[in-house]
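Residue numbers (our numbering): 29 to 318. All C-beta atoms, glycine included, are put in the ideal place defined by N, C-alpha and C. A short write-up of the structure that comes next.
Next comes the structure, spelled out in structure tokens:
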């Protein structure tokens with residue numbers, strides 16, 4: 029069973045490959061402490077990058093003690109206009125800046141130009157944006173200095189032009205790609221549904237990449253009373269229906285013989301006996317590779 033291809037072809041050559049949450053937390057702790065000025069955190073969706081960053085800078089309610097004053101950190105996620113970006117950077121100047129869903133920003137030239145100034149490697153950066161909005165504002169200057177440290181979060185990065193490439197060149201680029209087992213162990217620290225957790229755990233050797241979202245969807249379906257929630261999650265993890273059927277039959281202890289599994293496979297998929305054993309061999313080779 030082929031593993032999912034990693035999106036490493038777009039990574040800078042000097043990107044730091046990280047697969048352990050403990051190692052990721054070391055880098056994020058260094059950023060939160062001010063030791064790292066500019067970090068670009070890349071990695072596939074569903075690994076908890078955002079939550080990990082929020083916890084490091086004190087934005088996560090789970091990480092902050094009660095009655096503590098919220099940290100003065102700028103967090104921007106999703107869509108933001110160039111004016112909104114500039115306005116928030118001015119308001120939070122000299123504070124740590126977390127920009128999430130960076131994929132949506134780099135298609136906006138004005139936002140990229142502002143980010144390029146913010147992400148200068150100098151200790152004090154000058155950010156300038158002259159427009160009719162800033163020219164008319166009595167409170168918002170057309171330029172300001174800031175010492176903000178910056179972390180940029182994205183699922184992938186595309187060097188679309190020179191300005192974007194400059195960000196990539198200046199930043200400490202971290203590519204986070206945990207193994208299924210590493211992600212599964214991290215989920216255990218907060219996920220409370222043992223039945224869903226154990227079911228997905230039994231599938232780890234057979235699926236290319238598991239996501240935190242699979243655990244949450246499984247919990248939602250099970251608690252909603254969906255009797256086929258296991259089959260649904262299996263299809264999400266293994267879209268290849270015949271292959272998913274073989275995996276399910278291998279895990280189903282109600283079948284006492286291979287003959288019964290083959291008969292059930294043929295009945296469900298309409299495929300042949302040789303196809304069953306060919307897919308079973310793929311499953312076996314996948315588990316041996318783990």
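Which of the three DSSP states, helix, strand or coil, is assigned to residue 194?
Under the three-state reduction of DSSP output, residue 194 falls in the helix class.
Give the C-beta separation of residue 201 and residue 70 to the nearest angstrom, bearing in mind that I take them to be a contact with Cβ-Cβ under 8 Å.
Yes, residue 201 and residue 70 are in contact; Cβ-Cβ is about 7 Å, under 8 Å.
Determine whether the beta carbon atoms of residue 257 and residue 224 lie at a separation below 9 Å.
In this structure, the beta-carbon distance from residue 257 to residue 224 falls below 9 Å.
Quick one, which of 297, 42, 51, 81 has its alpha-carbon nearest residue 60's?
81
From residue 103 to residue 167, what distance separates their C-alpha atoms?
22 Å
Alpha carbon to alpha carbon, how far is residue 207 from residue 88? Give it in angstroms, no decimals.
Rounded to whole angstroms, the gap between the alpha carbons of residue 88 and residue 207 is 24 Å.
Over what stretch of residues does the beta strand (DSSP E) that includes residue 203 continue unbroken?
200-204 is the extent of the beta strand (DSSP E) around residue 203.
Mind checking which residues open and close the alpha helix (DSSP H) that includes residue 209?
208-216
Are the beta-carbon atoms belonging to residue 303 and residue 267 less than 9 Å from one another?
At a Cβ-Cβ threshold of 9 Å, residue 303 and residue 267 do not count as neighbours.
Determine the burial state of residue 128: buried for a count of at least 16 other Cβ atoms within 10 Å of its Cβ, exposed for fewer.
buried
Just the C-alpha distance for residue 287 and residue 310, rounded to the nearest angstrom, thanks.
18 Å
For residue 249 and residue 260, which I take to be in contact (beta-carbon distance under 8 Å), what is that distance rounded to the nearest angstrom?
At roughly 6 Å, the Cβ-Cβ gap stays under 8 Å, so residue 249 and residue 260 are in contact.
On a Cα-Cα basis, can you pick out the residue from 134, 65, 133, 222 that is closest to residue 175?
65
Note down, in chain order, each residue of its chain lying with its Cβ closer than 7 Å to the Cβ of residue 274, except the 5 sequence neighbours on either side.
293, 304, 307, 308, 311
In angstroms, rounded to a whole number, what distance separates the CA positions of residue 42 and residue 193?
13 Å
Return helix, strand or coil for residue 234, following the three-state DSSP convention.
helix
Is there contact here, the stretch 44-52 with the stretch 142-159, by at least three beta-carbon pairs under 8 Å?
no
What residue range does the alpha helix (DSSP H) around residue 247 cover?
Taken as a continuous stretch (DSSP letters only), the alpha helix (DSSP H) holding residue 247 covers 240-251.
Anyone know if the C-beta pair for residue 133 and residue 101 falls short of 9 Å?
no
Rounded to the nearest angstrom, what separates residue 297 and residue 263 at their Cα positions?
Put simply, the backbone Cα of residue 297 is about 14 Å away from that of residue 263.
Does the stretch 136-156 come into contact with the stretch 108-118, if we say contact requires no fewer than three beta-carbon pairs (one atom in each stretch) closer than 8 Å?
yes
If you drop the 5 nearest sequence neighbours on each side, which residues of the same chain put their C-beta closer than 6 Å to that of residue 214?
49
Given a threshold of 16 other Cβ atoms within 10 Å of its Cβ, counted over all protein chains shown, does residue 76 qualify as buried or as exposed?
buried
Going by DSSP in three states, residue 227 sits in which element: helix, strand or coil?
helix
Is residue 83 helix, strand or coil when you go by DSSP?
helix
For a test of the three-state rule: what should DSSP assign to residue 102, helix, strand or coil?
Three-state result, residue 102: strand.
Within its chain, find whatever has a CB closer than 7 Å to the CB of residue 130; leave out the 5 residues flanking it on each side and keep chain order.
180, 181, 182
Look up residue 402 in the DSSP assignment and give the residues it is bridged to.
An answer regarding residue 402 cannot be provided, because it is not within the stretch 29 to 318 covered by the chain.
Buried or exposed: where does residue 295 fall if 16 or more other Cβ atoms within 10 Å of its Cβ makes it buried?
Result: exposed.
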